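Number of protein chains: 2
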Amino acid sequence: MGDTQTGRPRGRRREADLNDARLMQAAREVFAEQGWDAPVSEIARRAGIGMGSLYRRYPSKELLAQRMRIVGMEQLVTQARTALTEEPDPWAAFARFLRDALSAQGPGGPLLPLVGGRLPATDEIVAAAAQLRAVLDDLVAGAHRAGVLRADFTAADVPLLLEHLTARIPVTDERATALHLRYLDVILAGLRTPAADQPTTLQGPAPDWAELSELWNAPEG
Amino acid sequence: MGDTQTGRPRGRRREADLNDARLMQAAREVFAEQGWDAPVSEIARRAGIGMGSLYRRYPSKELLAQRMRIVGMEQLVTQARTALTEEPDPWAAFARFLRDALSAQGPGGPLLPLVGGRLPATDEIVAAAAQLRAVLDDLVAGAHRAGVLRADFTAADVPLLLEHLTARIPVTDERATALHLRYLDVILAGLRTPAADQPTTLQGPAPDWAELSELWNAPEG
DNA sequence: TTTTGAGCGGAGCGCTCCGCTCCGATATGT
DNA sequence: ACATATCGGAGCGGAGCGCTCCGCTCAAAA
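Sequence order for the protein chains is A and B. Quick note on UniProt numbering: the first sequence kicks off at 1 and runs consecutively. Quick note on UniProt numbering: the second sequence kicks off at 1 and runs consecutively.
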């Protein structure tokens, strides 16, 4: 699935592939900035592509968004796996993943949730969400086992935290990402297990996956 | 300004006053949930008020939002002053203010920024913003002087932090507030001055008031 | 009790702006 | 040079918005 490499296409075929990549990028930017109500024409404009070509590739706005969401989730999974293999220290892996998630995917960060609620949960999305959840569990469990991540923070907190960290603020995209990373640093400092002489506890029950289903479209449980 | 007490109105006049209070509350809820594009009719519906009455009181959607924003800012100023006088400990005052700001004003929290960018900066709003900024400076300066708040965190970070903390997530209003408070706890833990043996620094330059002008409509400088 | 009019609710007008389609122009392979 | 796959964007149909208009309600004056 997701074979963007069909040998080495040339001519018109190659242009179509380029268009597709540009479309995904533009869609992510535009949806990140304006939300679901962003006009499709704005996506086409920013990708430098005509409406006709866009609608030949994706027969509806919804299908375009679905594809974008799946690509985004797969990227997150890849980033998480990279962090797990390249960073031997569990805390470093955890922090690295969050930073990558915020900065790599355009200005809107992962933004899966945003559009998530309005889209039906296709099999493909559910599968991607399950994979993502599994790797988040790994990341969090590793840090817990090492005793560096506060025990009352769960893997289900991660998507919510990312959603909080990608608030849309009226500054340039670049500045917005910088500020998101700044507040991620505050949060990372707050997520270390507190010193024994200064214990703190997080208010309220942790989120559980079931209540995130709308934001997440994952299989519940 | 803001004299809701005109003796003790009776009859039709009293109903109008009640309507006004309900309108402010409904407007805050609806704008918090749906953003600026929320239909005015939804605000009227939730307030239990006809469109006619709404538009007699506020001649346009924009003026309604302006009023709501001013009321919200004044509430924040009051909460900050209360925190400063009732909590002798600077850290407690700082934390108390943030918690109050998130939980007191309906589900959307302060939400000043959200609608802020689209509204012209009237004198009244600029004045309210200036007052708010002054009291935020007090709060942060107090905690800095006591050495409990990390030095690289500034007063201008506060509105941005609040904006990040009020991310709209697809759960009930009550649950959303609970989760906001949960992540506020993480952030508060991360905002204490780090121990000398585990120093951490926040990435990137702190925001300054000028770049928040659109979100804030305060006088720059 | 009757009269009165300020204040109320909500149906609907006019308009903006969206998703999507259609088709002439353009580029590629033979 | 021809045939054809693919491109871009003007325009169509309709959804949904801000706001107005008007018949009704009901507290207060007579």
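All C-beta atoms, glycine included, are put in the ideal place defined by N, C-alpha and C. Computed from a predicted model, the values in this text were never measured in an experiment.
- For arginine 56/A, the uninterrupted alpha helix (DSSP H) segment begins and ends at 51-57.
- At a cut-off of 8 Å, the C-beta of histidine 164/A has a neighbouring C-beta in chain B.
- Any Cβ of chain A closer than 8 Å to the Cβ of glutamine 203/B would place that residue at the interface, and such an atom is present.
- Counting along the chain, no alpha helix (DSSP H) covers leucine 212/A, and no H or E run does either.
- Look at leucine 119/A here: in three-state DSSP terms it is coil, with no helix or strand label.
- Between glutamate 87/A and the set Arg56/A, Val126/A, Gly142/A, Asp152/A, the nearest pair of CA atoms involves Gly142/A.
- When the beta-carbon positions are compared, glutamate 211/B and valine 135/A stay at least 8 Å from each other.
- Neighbours of proline 194/A across chain B, judged by C-beta separation under 9 Å: Ala189.
- Chain-order list of chain B residues neighbouring tyrosine 55/A: empty, with the shortest C-beta distance near 25 Å, by a criterion of under 8 Å.
- Residues of chain A whose Cβ lies closer than 9 Å to the Cβ of alanine 210/B do not exist, since the nearest Cβ in that chain is about 11 Å away.
- For isoleucine 169/A, at least one C-beta of chain B is nearer than 8 Å to its own C-beta.
- Leucine 119/A is positioned such that its CB atom lies closer than 8 Å to that of glutamate 62/A.
- Proximity of alanine 176/B to chain A, defined by a Cβ-Cβ separation below 8 Å, is not satisfied.
- Cβ neighbours of phenylalanine 153/A within its own chain (closer than 8 Å, five residues either side excluded): Val140, Leu191, Leu202, Ala206.
- Distance from valine 40/B to leucine 54/B at the Cβ level is roughly 7 Å; contact confirmed, criterion being Cβ atoms closer than 8 Å.
- For the options Pro199/B, Gly204/B, Val158/B, the alpha carbon positioned closest to that of alanine 176/A is the one of Gly204/B.
- With fewer than 16 other Cβ atoms from the protein chains shown falling within 10 Å of its own Cβ, methionine 51/A counts as exposed.
- For the region 149-184 of chain B, the full-length alpha helix (DSSP H) segments reaching 4 residues or more read 157-165 along the chain.
- The C-beta distance from leucine 161/B to isoleucine 169/B rounds to 17 Å, too long to fall under 8 Å, and the pair is not in contact.
- Note: arginine 192/A is bridge-paired with Leu149/A in the DSSP secondary-structure output.
- The straight-line gap separating the alpha-carbon atoms of threonine 85/B and glutamate 33/A is approximately 40 Å.
- Contacts with chain A at 8 Å (Cβ-Cβ) do not include proline 199/B.
- Close to proline 207/A, with beta-carbon spacing below 7 Å, are these residues of chain B in chain order: Leu179.
- Against chain B, the CB of leucine 139/A has no partner CB under 8 Å away; the residue lies outside that interface.
- Against chain A, a Cβ distance below 7 Å from valine 186/B picks out Ile187, Gly190, Leu191, Leu202.
- Contact note: tyrosine 183/B reaches chain A through Leu161, His164, using a C-beta cutoff of 7 Å and chain order.
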